[in-house]
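Only one structure is covered here, and it is reproduced in the block below.
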Amino acid sequence: MRRRGLILFSVVYIAILAMDYRWLVFSTDPVIQARFRDLFIGTALFLLFTLLVRSSLMSKLTLPQKLRLSGLGIVMIWAGLTVLDSISPFPGEFFNEMDAGRIGFNFWNHCLWLVLFYGLLTMGCALLIAVKALVFVQQGKKTQGNFRFLMILLFISVFVGSIFGKIGHAQGFAFGEWEGHLIGVNTVSFLIILMAVINGFRCKWIHYLNKRQKAACFFSLFLIILLLQFAIRSRGLEAIGEYSAAGYVFLISVLYIISIYTAMSFIGLLFLLPSAGILDSRIEEIKSLQALITTLSSVFHFDELVEQACQLAIRVANAHVAWIEMKEGESYRVVGAHGIASGELKEFSKGAWQGVRDSVFEEEAVLINDMQKDRRTHRLKHWKRNPGSLLAAKIRVKDEFMGILYAMRYEPFGFIDDSKPTFQSLAHQLALAMENINLLKVTIEQEVYREELRLAHEAQMRLLPRTMPEVSGLNLKGYCITANEVGGDFYDMIPMGEDRLDIAIGDVSGKGASAAFYMAELKGVIQALAPHFSSPGQILGQVNQFVLNHFESDTFVTMVYGIYIPSRRKLQVARAGHPPMAFIRDGNVEWIETGGVGLGLTGTETFNEALKEKDVRCRKGDLLFFHTDGVMEARNEGDEEYGEERLSEILKQVSGEDAEYLIRKVRESVEVFIGNTPKHDDITIVAIQVE
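Residue numbers 11 to 701, in the working numbering, belong to the letters of the sequence shown in order.
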């Protein structure tokens with residue numbers, strides 16, 4: 011659609027140029043020639059304006075760019091009219107003389123005049139688009155309709171001028187002439203001025219200029235008003251009227267519309283200039299708060315945060331200095347400052363600010379206009395910096411009081427009451443930023459801890475037997491799952507030649523990485539001791555001594571240790587405070603309970619006295635079941651323990667099955683029992699089937 015409009019405009023534009031070459035016009039009547047020319051000019055202007063309206067050039071420009079281009083366009087129109095005025099002979103006389111045949115046809119002079127003429131018309135269309143862009147800033151419901159009606163009136167007047175041609179001395183746009191057929195023309199002129207005034211109230215763009223821009227725009231508009239008056243009264247515009255009524259009507263209408271809009275914008279700026287500084291300060295406050303919100307997502311270090319917060323506090327409150335105090339127990343500590351030497355902060359620790367602190371704690375934010383006279387800060391009047399006025403706001407998250415944000419000016423009454431809410435918002439955002447840093451720190455620590463647990467879990471799983479040893483006459487299976495990433499449960503199968511298998515299952519008190527590390531140590535100790543001792547009691551006695559000497563005093567270990575002799579089908583077992591193993595035969599379950607206390611709880615003599623060993627004679631089909639307390643102590647949503655009775659029932663049901671089936675059934679039973687309840691302890695199971 012735009013391409014078609016551009017092509018159509020080009021055709022009309024060429025036709026307009028062609029009309030000035032007398033040999034291309036079939037009629038020799040100069041009046042008919044002039045009216046046809048004006049109709050083409052009016053049509054071309056309308057198409058050009060439509061084309062520019064549909065373009066998106068102005069929408070891509072910022073407000074200052076639009077204003078600068080508008081001012082440049084007005085200067086160019088004034089300059090173009092001035093140049094037309096200086097062309098000799100006077101253009102109107104030039105055409106009259108040429109028609110009368112009294113001078114020769116000056117081709118180049120004529121071309122220069124036409125270039126200026128069409129350039130001024132094009133610039134007039136561009137200025138209308140610029141005015142439209144300014145009028146439509148924060149537009150209302152009727153803005154578009156009002157501006158469209160103004161443009162309709164403008165082009166109606168252009169085509170009326172084209173039809174009537176030169177009316178009297180003039181031009182087709184006679185202000186103040188009400189005789190005869192000019193009444194209709196002047197009615198349109200009056201409506202154009204009225205609609206220009208209505209559209210002139212749409213100058214809300216001036217609210218978006220800062221103080222400096224408002225001042226520059228104020229003086230620029232004053233100069234533009236003068237240029238517009240010179241342009242309206244210029245002889246160059248009269249020359250255009252002599253040549254083209256349509257062109258004259260269009261240009262003078264544009265100049266009047268822009269003059270009215272410029273004058274009303276000038277008046278609006280005149281009223282806004284006194285409060286421009288206040289508006290700028292409010293904008294600066296908003297920008298500072300936005301900057302602090304951005305800081306929330308970009309600053310992850312506390313020291314950097316408080317430094318930036320102090321700088322923002324100075325910007326928001328227009329203060330000279332700012333600092334932050336954090337509450338630590340019953341005292342306060344300055345954690346950051348800006349605009350003040352570090353040596354001067356010593357004054358803060360002497361309680362001179364206690365009155366301010368008490369007020370802030372009660373009122374959220376405090377404004378002190380004269381610090382030397384206010385009872386809360388009068389103790390600071392001999393401070394080497396002359397304190398003037400003070401803003402202070404509480405830093406808190408929810409109901410937790412964290413500290414105070416201060417801003418100070420050196421002169422009294424340096425702040426206004428409206429500064430308190432904004433400053434309080436700044437302190438609130440600062441509190442959120444501090445809380446986010448704390449949460450981030452905790453999150454990072456948790457991630458590091460989880461990664462450490464994951465690595466420890468991998469190490470723990472590697473310490474457990476990856477494959478069960480091949481022992482003649484035995485089917486061995488083991489299973490271990492931790493409540494956390496890592497735990498203290500462990501088991502091991504240690505083949506000691508062809509006719510001995512050592513079985514160990516234990517539980518280190520506690521959970522987490524420390525329990526896993528102790529478990530790793532125990533495994534190494536057991537593997538080192540096993541070749542040198544022939545009974546489980548001796549091995550447990552040595553392990554007890556190791557735990558006493560090398561583990562923390564609050565750490566202990568429970569363990570069952572067994573030595574199985576395949577050739578004799580005999581298991582010798584000892585228990586150190588650990589849940590007893592189960593012996594399953596023919597649907598019956600026997601719990602092998604032997605005496606013994608946990609490893610690391612008592613000295614060697616007491617431990618050996620309490621420890622008892624027991625021999626278990628096995629035959630084909632028997633099952634040996636070892637476990638940690640995590641099985642019986644598993645809890646469901648009702649906080650009920652799984653217990654020995656449920657475990658015994660499952661063990662009876664699996665009598666005669668293999669070791670793998672036994673472990674699977676116990677696991678399934680425990681998992682069904684606990685449901686979605688998180689595991690609170692590690693679960694380790696070892697099953698041995700005698701074949």
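Glycine included, C-beta positions come from ideal geometry on N, C-alpha and C.
Query                                                                                                                                                          : Result
Taking DSSP as the reference, what is the three-state secondary structure of HIS690?                                                                           : coil
Please report how far the alpha carbon of GLN582 lies from the alpha carbon of ARG674, in whole angstroms.                                                     : 26 Å
Residues bridged to ASN485 by DSSP?                                                                                                                            : GLN699
Spell out a yes or no on whether the stretch 256-272 and the stretch 206-216 are touching, meaning 3 or more CB-CB pairs, one atom from each, closer than 8 Å. : yes
Determine the burial state of CYS227: buried for a count of at least 16 other Cβ atoms within 10 Å of its Cβ, exposed for fewer.                               : buried
My parser needs the alpha helix (DSSP H) runs of 4 or more residues fully inside the stretch 537-561; what are they?                                           : 546-560
Do THR694 and THR612 come within 7 Å of each other at the CB atom, strictly closer than that value?                                                            : no
When the Cα atoms are used, what is the spatial distance from PRO74 to PHE229?                                                                                 : 15 Å
Anyone know if the C-beta pair for TYR571 and PRO546 falls short of 7 Å?                                                                                       : yes
Who are SER341's beta bridge partners in DSSP?                                                                                                                 : GLU338
Identify which residue in LEU279, VAL259 and ALA256 has its Cα closest to the Cα of CYS213.                                                                    : LEU279
Does the stretch 519-528 come within contact of the stretch 585-603, defined as at least 3 CB pairs closer than 8 Å?                                           : no
Which residue wins for smallest C-alpha separation from ALA332, given the options VAL344, PRO576, LEU137 and VAL557?                                           : VAL344
Starting from VAL567, follow its DSSP beta bridges and name the residues at the other end.                                                                     : VAL518 and LEU609
Taking only the alpha-carbon atoms, compute the straight-line gap between GLU678 and ASP517 and give it to the nearest angstrom.                               : 22 Å
Let me check one thing: in DSSP terms, what residues is HIS637 bridge-paired to?                                                                               : ILE695
Would you check if the stretch 447-464 and the stretch 422-436 touch, i.e. whether three or more CB-CB distances between them fall below 8 Å?                  : no
Going by CA-CA distance only, name the one from PHE159, PHE260, ALA140 and ILE139 that's closest to SER167.                                                    : PHE260
Using the DSSP secondary-structure output, state which residues sit across from SER399 in a beta bridge.                                                       : ARG419
Give the single residue among LEU77, GLY81 and LYS151 whose Cα lies nearest to the Cα of LEU144.                                                               : LEU77
Beta-carbon within less than 8 Å of LEU465's beta-carbon, same chain only, minus the 5 sequence neighbours each way: which residues are those?                 : none
Is the stretch 90-97 touching the stretch 240-250, taking contact as three or more C-beta pairs under 8 Å?                                                     : yes
The alpha helix (DSSP H) with GLU457 in it runs from where to where?                                                                                           : 429-473
Using the beta-carbon count (16 or more within 10 Å), is MET503 buried or exposed?                                                                             : buried
Starting from ARG585 and walking both ways along the beta strand (DSSP E), at which residues does that stretch end?                                            : 580-586
To the nearest angstrom, report how far apart PHE635 and LYS533 are at their CA atoms.                                                                         : 20 Å
Assign GLY186 to one of three DSSP states: helix, strand, or coil.                                                                                             : Its pLDDT being 36, under 50, GLY186 is placed unreliably in this model, and the value from its coordinates should be taken loosely. Coil, per DSSP.
Less than 7 Å between the C-beta atoms of GLY597 and SER665, yes or no?                                                                                        : yes
CYS490 bridges to which residues according to DSSP?                                                                                                            : THR694
Could you say if the stretch 366-383 and the stretch 394-403 meet the contact criterion of at least three C-beta pairs nearer than 8 Å?                        : yes
Rounded to whole angstroms, what's the CA-CA distance from LEU34 to SER275? Just pull it up for me.                                                            : With a pLDDT of 43 at LEU34, under the threshold of 50, the predicted position of this residue should be treated as unreliable, though the coordinate-derived value follows. So the alpha carbons of these two residues sit roughly 47 Å apart.
Please classify TYR253: does DSSP put it in a helix, a strand, or coil?                                                                                        : helix
Measure the alpha-carbon distance for LEU233 versus PHE146 and round it to whole angstroms.                                                                    : 24 Å
Would ILE202 and SER263 be called neighbours here (beta carbons separated by less than 7 Å)?                                                                   : yes
To which residues does DSSP link ALA327 through a beta bridge?                                                                                                 : DSSP, once it has assigned bridges, lists no residue as partnering ALA327.
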